[in-house]
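Asks: In terms of this note's numbering, the numbers along the sequence shown are unbroken and rise by one, the last being 66.
Note that CB positions come from ideal geometry on N, CA and C, so glycine has one too.
Let me begin by handing over the structure; questions about it come next.
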Amino acid sequence: MIYFKACPRCQGDMHMVNDLFGRYLECLQCGHEGDLKEEGRPTPSIWAAPAPAEKVKAKVKAA
């Protein structure tokens, strides 16, 4: 698939490329590469970011 005038560097045309690591966009004019945002596709749990740790407030006794 070709995306016309989608390159952020030169405003050239980009096309979708598939390789071992997944899909990405590559500019036909300058060669700039960028990740393809895949919305609506669930992230496998092994790749998902860990949940943020809860902050525990320590109680300090006055001396």
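1) In three-state DSSP terms, what is R26?
2) Rounded to whole angstroms, what is the Cα-Cα separation between L31 and V20?
3) Out of E57, C10 and V59, point me to the one whose CA is closest to G34's CA.
4) Looking at D16: is its Cβ nearer than 9 Å to the Cβ of Y27?
5) Rounded to a whole number of angstroms, what is the C-alpha to C-alpha distance between K64 and L23?
Replies: Reading it off the structure:
1) strand
2) 11 Å
3) C10
4) no
5) 57 Å
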